[in-house]
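Residues in the sequence shown are numbered consecutively from 1, following the working numbering. Ideal Cβ positions, reconstructed from N, Cα and C, are used throughout, including at glycine.
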Amino acid sequence: YLKTAYKKEPVFAHSKIIYTLGNNSFKEKLSADFLKIANISPNIKDKDLEPFKDLNNVAMQRGGATYADAITFGAEKIDKKLVEEFGKVRGKKVLTHSDDADLTDYLQLYSDLAK
């Protein structure tokens with residue numbers, strides 16, 4: 001989403017986005033105006049906002065993960081819908097949560113994205 005919005009900006013032309021799914025959530029539904037407000041650029045089309053259409057917590061997480069180059073799981077307990085949807089995604093690097101993880105996996109992720 002952000003890469004689409006800023007794709008013509010030289011600073012962001014070659015940027016990579018890592019989205020971390022966490023267990024932070026909210027139960028409320030966002031207002032119907034959210035999609036209008038989120039349309040921050042003429043580069044954004046209605047189809048780009050499709051992942052956010054449910055206007056709830058899962059939709060916000062889904063939107064972030066959909067447009068990321070890599071996804072990390074930042075907590076042990078994450079919404080099951082999101083784990084199923086983004087645990088194994090073709091074309092994206094995915095780093096699952098591990099209490100025993102050290103920086104090696106993250107350094108490798110950054111290295112892979114920089115190629």
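(request) Note down, in chain order, each residue of its chain lying with its Cβ closer than 7 Å to the Cβ of L49, except the 5 sequence neighbours on either side. (result) Position 49 of the sequence shown, counting from 1, holds the residue named residue 49. So the qualifying residues of the chain are L35, A38 and N39.
(message) Here's a check: name, in chain order, each residue in its chain whose Cβ is nearer than 8 Å to the Cβ of A99, leaving out the five neighbours to either side.
(response) To locate residue 99, count along the sequence shown from 1; it is residue 99. This sequence places Asp at residue 99; Ala is not what is there. Taken in chain order, the residues that qualify are E76.
(request) Identify whether I40 lies in helix, strand or coil by the three-state DSSP scheme. (result) Here residue 40 is taken as the residue at index 40 of the sequence shown, counted from 1. Coil at I40, not helix or strand.
(request) Please name the residue in A32, K47 and G74 whose C-alpha comes closest to that of N23. (result) As a working mapping, residue 23 is identified with position 23 in the sequence shown. Nearest C-alpha to N23: G74.
(message) In whole angstroms, give me the CA-to-CA distance for L21 and D102.
(response) Your numbering for residue 21 matches position 21 in the sequence shown. Your numbering for residue 102 matches position 102 in the sequence shown. When rounded, the distance between both Cα atoms is 18 Å.
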